[in-house]
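Notes to accompany the following structure.
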Amino acid sequence: MFKDSKVSIIITTYNQAPYLGEAIASALGQSHRNLEIFVIDDGSTDGSEEVAARFSGIKYIKQKNQGVAAARNTGVRACSGEFIVLLDGDDRLLPDAVEIGLKQFGSHPEAMIVAGLARMINKNGEVFEVHTRKSLDGTPYEYLLKGNSIFMPAMAMYRRGVFDLVGLFDGRYAPAEDWEMYLRIARSYPVVFHDHIVAEYRIHGMNSSRKTALLFVQAHKVMVDQWKYVRQDETLRKAYKAGYDRLHKLYGEELVNDIRRAWRNEH
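So the sequence shown is numbered by the numbering used here: it starts at 9 and just counts up by one.
If you want it as structure tokens, here you go:
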């Protein structure tokens with residue numbers, strides 16, 4: 009049904025020059041060929057523009073530094089595809105990621121998002137962990153209340169029209185703005201999860217622990233702001249409590265794990 013559809017891949021980057029070429033190459037290397045590829049540079053100062061200039065067949069937009077939510081919104085406004093994939097500038101898509109996403113939309117034409125799995129890579133691009141997902145329990149909104157299982161943006165493919173329905177990314181939640189978007193969509197529209205690995209999420213740098221601390225604060229804000237949508241529904245309240253408890257447990261452990269991972273990947 010959607011095998012010939014135009015898909016927009018939006019790569020957002022800020023000072024990720026060492027990895028940006030791999031991200032662009034992974035977008036250009038898709039088995040599905042009806043693509044438009046944007047690189048939205050959020051004010052990089054590390055030579056990212058020169059990296060992007062080495063590639064033909066992409067559209068490069070540079071803006072002053074406003075944060076990843078604003079960069080994604082720039083891409084969404086500029087693109088013309090029926091479907092959208094969001095890729096961070098240090099991550100990679102697997103070659104059949106777009107094709108798999110379109111097949112999932114063909115099987116679930118009611119969906120506004122289809123989301124697969126990812127595997128973790130280190131700074132050298134070597135796989136060291138494969139993501140799995142617990143079985144879906146309850147509605148997608150309940151499931152996402154319990155935690156952001158779409159932890160990497162490129163795991164998801166969006167129907168372009170959903171942004172006209174729910175609005176764009178909200179930078180007040182950055183860097184948890186993607187989770188807030190998934191919840192916003194799942195409250196009102198179908199979301200489909202599948203078990204195909206579609207992307208590679210890169211872990212690198214000793215700043216991971218600082219990012220995790222900020223993510224905890226902002227993810228907590230996302231949860232607090234969901235309360236008005238769940239307080240009248242006992243099932244949703246239970247999912248909310250499970251997610252709230254998981255958030256506090258997870259990020260305490262993640263701060264320690266991020267420091268260990270970063271040290272291991274740098275040595």
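Heads up, the beta-carbon is just placed ideally off N, CA and C, and yes, glycines get one too.
- Boundaries of the beta strand (DSSP E) around residue 19: 15-21.
- Spanning the alpha carbons of residue 71 and residue 86 requires a straight line of approximately 13 Å.
- When the alpha-carbon of residue 11 is set against those of 57, 80, 135 and 117, the nearest one is in 117.
- Residue 32 sits in a helix when the DSSP states are folded into three classes.
- Residue 184 and residue 139 have their alpha carbons spaced roughly 19 Å apart.
- Residue pairing by DSSP places residue 191 in no beta bridge whatsoever.
- Secondary structure note for residue 152: its alpha helix (DSSP H) is the uninterrupted segment 148-153.
- For residue 212, the secondary structure class from DSSP, reduced to helix, strand or coil, is coil.
- Residues 46, 83 and 94 of the same chain have their beta carbon placed closer than 6 Å to that of residue 18, with the five preceding and five following residues left out of the count.
- As summarised for the segment 120-147, the continuous beta strand (DSSP E) elements at least 3 residues long and confined to that stretch are 121-129 and 135-138, given in chain order.
- The segment 102-113 and the segment 170-188 do not touch, with fewer than 3 CB-CB distances between them shorter than 8 Å.
- Per DSSP, residue 171 is one residue of the alpha helix (DSSP H) stretching across 170-174.
- Around residue 149, the same chain offers 194 and 195 as residues with beta carbons nearer than 6 Å, after the five sequence neighbours per side are excluded.
- Residue 96 is bridged by DSSP to 20.
- Residue 92 is not a Cβ neighbour of residue 192, given a cutoff of 8 Å.
- Residue 86: not part of any beta strand (DSSP E); member of the alpha helix (DSSP H) spanning 76-86, first to last residue.
- By the neighbour-count criterion, in which 16 or more other beta carbons inside 10 Å mark a residue as buried, residue 159 falls on the exposed side.
- Residue 165 and residue 242 have their C-alpha atoms roughly 31 Å apart.
- In this structure, residue 190 and residue 156 form a Cβ contact; the two beta carbons are roughly 7 Å apart against a cut-off of 8 Å.
- Under the Cβ criterion (8 Å, minimum of three pairs), the segment 27-39 counts as touching the segment 51-67.
- Beyond the five residues adjoining it in sequence on each side, residue 112 comes within less than 7 Å, by CB distance, of 122, 200 and 202 in the same chain, given in chain order.
- Apart from sequence neighbours up to five positions away, the residues of its chain that approach residue 171 with a beta-carbon distance below 6 Å are 84, ordered along the chain.
- Under the 10 Å beta carbon count, residue 52 is surrounded by 16 or more other beta carbons and is classified as buried.
- In the assembly as shown, residue 240 is an exposed residue. Its beta-carbon has fewer than 16 other beta-carbons within 10 Å.
- Contact between residue 15 and residue 182 is absent: CB atoms are separated by about 25 Å, not below the 8 Å threshold.
- For residue 81, the CB contacts under 8 Å within the same chain, skipping 5 residues up- and downstream, are 176 and 177 in chain order.
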